[in-house]
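Only one structure is covered here, and it is reproduced in the block below.
Protein chains: 2
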Amino acid sequence: MLYVVGLGLGDAKDITVKGLEIVKRAKHVYLEAYTSILTVGKDVLEQFYGREVIVADREMVEQDSDKILEEAEDEDVAFLVVGDPFGATTHTDLILRAKEKNIQFRVIHNASIMNAVACCGLQLYNFGKTISVVFWTDTWRPDSFFDGIIKNREHGLHTLCLLDIKVKEQSIENLIKGRKIYEPPQYMTVSLAATQLMEVITNRKSAGTNNLAVTEDTLCVGLARVGSDDQKIVATTLREMQKVDLGSPLHSLVITGDMHPLELDMLKLYGAASSDP
Amino acid sequence: MLYVVGLGLGDAKDITVKGLEIVKRAKHVYLEAYTSILTVGKDVLEQFYGREVIVADREMVEQDSDKILEEAEDEDVAFLVVGDPFGATTHTDLILRAKEKNIQFRVIHNASIMNAVACCGLQLYNFGKTISVVFWTDTWRPDSFFDGIIKNREHGLHTLCLLDIKVKEQSIENLIKGRKIYEPPQYMTVSLAATQLMEVITNRKSAGTNNLAVTEDTLCVGLARVGSDDQKIVATTLREMQKVDLGSPLHSLVITGDMHPLELDMLKLYGAASSDP
Numbered sequence: 011m012l013y014v015v016g017l018g019l020g021d022a023k024d025i026t027v028k029g030l031e032i033v034k035r036a037k038h039v040y041l042e043a044y045t046s047i048l049t050v051g052k053d054v055l056e057q058f059y060g061r062e063v064i065v066a067d068r069e070m071v072e073q074d075s076d077k078i079l080e081e082a083e084d085e086d087v088a089f090l091v092v093g094d095p096f097g098a099t100t101h102t103d104l105i106l107r108a109k110e111k112n113i114q115f116r117v118i119h120n121a122s123i124m125n126a127v128a129c130c131g132l133q134l135y136n137f138g139k140t141i142s143v144v145f146w147t148d149t150w151r152p153d154s155f156f157d158g159i160i161k162n163r164e165h166g167l168h169t170l171c172l173l174d175i176k177v178k179e180q181s182i183e184n185l186i187k188g189r190k191i192y193e194p195p196q197y198m199t200v201s202l203a204a205t206q207l208m209e210v211i212t213n214r215k216s217a218g219t220n221n222l223a224v225t226e227d228t229l230c231v232g233l234a235r236v237g238s239d240d241q242k243i244v245a246t247t248l249r250e251m252q253k254v255d256l257g258s259p260l261h262s263l264v265i266t267g268d269m270h271p272l273e274l275d276m277l278k279l280y281g282a283a284s285s286d287p
Numbered sequence: 011m012l013y014v015v016g017l018g019l020g021d022a023k024d025i026t027v028k029g030l031e032i033v034k035r036a037k038h039v040y041l042e043a044y045t046s047i048l049t050v051g052k053d054v055l056e057q058f059y060g061r062e063v064i065v066a067d068r069e070m071v072e073q074d075s076d077k078i079l080e081e082a083e084d085e086d087v088a089f090l091v092v093g094d095p096f097g098a099t100t101h102t103d104l105i106l107r108a109k110e111k112n113i114q115f116r117v118i119h120n121a122s123i124m125n126a127v128a129c130c131g132l133q134l135y136n137f138g139k140t141i142s143v144v145f146w147t148d149t150w151r152p153d154s155f156f157d158g159i160i161k162n163r164e165h166g167l168h169t170l171c172l173l174d175i176k177v178k179e180q181s182i183e184n185l186i187k188g189r190k191i192y193e194p195p196q197y198m199t200v201s202l203a204a205t206q207l208m209e210v211i212t213n214r215k216s217a218g219t220n221n222l223a224v225t226e227d228t229l230c231v232g233l234a235r236v237g238s239d240d241q242k243i244v245a246t247t248l249r250e251m252q253k254v255d256l257g258s259p260l261h262s263l264v265i266t267g268d269m270h271p272l273e274l275d276m277l278k279l280y281g282a283a284s285s286d287p
């Protein structure tokens, strides 16, 4: 049996009781380690579970998943995923392949940023489509995500922006030379995300677009380490968000839409001014 | 300290390890019991926790929340919520009032239908605004939720429809006579939701609206008891969904938008035909 177990968002104890029982009795325990992270590392998980945990990076999941699935044919295999198992397409793919091979699977759900984001006080049913903000390079500066935010705003909806993660990436030089040397992991901050967004706004204005539905003064919410003891939430304008330092990863950014009074009351706890639009 | 603890969606063991530790040591344990339900009752929870659980219905939470908050001033109080604590506005309100009274609070997140719905294979970032479908009566048949679905479809997005729950409601006669006699709880089925939706489509067509973005042939997904051992998922057209029996509550319905091939592959596991639009 293949168990795909969500770990939630904070630390080792955010696993469910059901999930922990599975981890304790499974023959092999894999930890998916490239779409998200907990506030604790593999060593803390191993100590808490009393089990060896095999870190499965993107390469392993994409190349060796047949091995994982084969093991699951006769034995219990736990595949651990930060957040909820269905947060990333990769895990859906693993489940589809298990189904194809007639391997039984079971999913243990948990919190993910997709529902826990409501901790800032914005109601989930007032969110539109979720978008992703990727790290820009000198030559690659995509801005299509901005149109997603605009569409949501035009319908009065909030937008959850998932911020980019770069784990186990190779420099172009190392890639060309075939050297398996990896760059240190990078996690986008709300400050950088806000800066990229501000640049898109400036560009659109220069190109003659007026009355943008998102401006420098739009109320935004920055969230860091949601669900952990030192979770941080700041509500302020997009312009000010550029200067906000929320500390270590992971960060997420919300661009607000129309505000219900109860939502604004909650955001005031995190610094929003009454006059914020 | 006020702990608002998410219980997840299935049974007693879907609480997190962190949540269970809090329940075991809290002075009082309340269970919010009107916005959602688990597949097990209060007695099973009490046995699993080894603790007395006080069921808090709508009346109690709205009228006696001061008492709960007062208790939390000096002692640890656990307020248990099915799904995630921020799934319903009521809980945000409780947290706001705790903050006003300077009572410390802590939230323990968990899965809710808002993220677990992705278990059917539809990707969360392809969902638009979530809508609610209420029980119609002979004289009250609101259909504004339909416009939300239409808007999502026009942008190619899926729509999660939360289906109505009626718990501890009084008949008009008992209400008038001031008798505290309550009707049996009612949980909307995907079949009834589909029937109401079909009626809206018929009405709109009669009123002359052509080219509706949602039709009898739109591919829908019915989900029941997500996260539990006997979870059921069926993918079929809206017309056919009227005849689908998914058994005991809770049910949710998804109206699909544009389909990614991987999403359609998953839905085929649950009965969707390749030709479904």
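Protein sequence lines, in the order shown, are assigned to chains A and B.
Following this note's numbering, the numbering of the first sequence begins with 11 at its first residue and continues without gaps.
Following this note's numbering, the numbering of the second sequence begins with 11 at its first residue and continues without gaps.
Quick reminder that beta carbons are idealized off the backbone N, C-alpha and C, glycines included.
Because the structure is a prediction, the values reported are computed rather than measured.
- When DSSP states are grouped into helix, strand and coil, A/VAL50 belongs to the coil group.
- Along the stretch 122–152 of chain B, the positions whose C-beta sits under 8 angstroms from a C-beta of chain A are SER122, MET124, ASN125, ALA126, ALA128, CYS129, GLY131, GLN133, LEU134, TYR135, ASN136, PHE137, GLY138, LYS139, THR140, ILE141, SER142, read in chain order.
- Under the Cβ criterion of 7 angstroms, B/THR26 is counted among the residues facing chain A.
- B/ILE64 is bridged by DSSP to B/TYR40.
- Three or more beta-carbon pairs drawn from the stretch 121–141 of chain A and the stretch 251–270 of chain A are found closer than 8 angstroms, and the two stretches are therefore classed as touching.
- Here the alpha carbons of B/THR149 and A/GLN114 stand approximately 48 angstroms from one another.
- Against chain B, the beta carbon of A/LEU55 has no neighbour under 8 angstroms; the closest one sits roughly 12 angstroms away.
- Taking 7 angstroms as the cut-off, the Cβ atoms of B/VAL117 and A/CYS129 count as close.
- Under DSSP, A/SER262 shares a beta bridge with A/LEU172, A/LEU233.
- By the rule that beta-carbons nearer than 7 angstroms mark a contact, B/HIS101 does not touch chain A.
- Residue pairing for A/LYS28: DSSP places it in no beta bridge.
- According to DSSP, B/GLN196 shares a beta bridge with B/LYS176.
- By the rule that beta-carbons nearer than 7 angstroms mark a contact, B/LEU30 touches chain A.
- Note on geometry: alpha-carbon atoms of A/ILE182 and B/ASP84 lie some 58 angstroms from one another.
- Relative to the Cα of B/ALA234, the nearest Cα in the group B/LYS190, B/THR225, B/SER46 belongs to B/SER46.
- For A/HIS119, the chain B residues whose Cβ falls inside 7 angstroms of its Cβ are GLY18, LEU19, ALA121, ALA126, GLY237, in order along the chain.
- Contact between the stretch 92–103 of chain A and the stretch 98–110 of chain B is absent: fewer than 3 CB-CB pairs across the two stretches fall below 8 angstroms.
- Annotation for B/VAL63: VAL39, LEU41, LYS52, LEU55, GLU56 place their beta carbon closer than 6 angstroms to its own, counting only its chain and skipping 5 residues before and after.
- Think of a sphere of 8 angstroms around the beta carbon of A/ASP268: no beta carbon from chain B falls inside it, the nearest being about 12 angstroms out.
- In the DSSP assignment, the residues bridged to B/VAL117 are B/VAL14.
- Here B/LEU19 carries a coil assignment [DSSP, helix/strand/coil].
- Here the alpha carbons of B/GLU69 and A/GLU72 stand approximately 52 angstroms from one another.
- Excluding five sequence positions before and after B/PHE155, the CB atoms of its chain that fall closer than 6 angstroms to its own CB belong to ILE141, VAL143, given in chain order.
- Per DSSP, A/ILE243 is one residue of the beta strand (DSSP E) stretching across 242–247.
- Note on the stretch 77–158 of chain B: whole beta strand (DSSP E) runs with a minimum of 3 residues are 87–91, 115–118, 141–143, in chain order.
- Chain order gives the chain A residues near B/LYS161 as HIS165, where near means a beta carbon separation below 8 angstroms.
- Interface annotation, B/LEU279: in contact with chain A, CB-CB separation under 7 angstroms.
- The C-alpha of B/ASP86 lies about 7 angstroms from the C-alpha of B/TYR13.
- By the Cβ rule, the stretch 254–264 of chain A does not count as touching the stretch 208–217 of chain A, because fewer than three pairs are nearer than 8 angstroms.
- A/GLY18 sits buried, since 16 or more C-beta atoms from the chains shown fall within 10 Å of its C-beta.
- The continuous alpha helix (DSSP H) containing B/ILE182 extends over residues 182–186.
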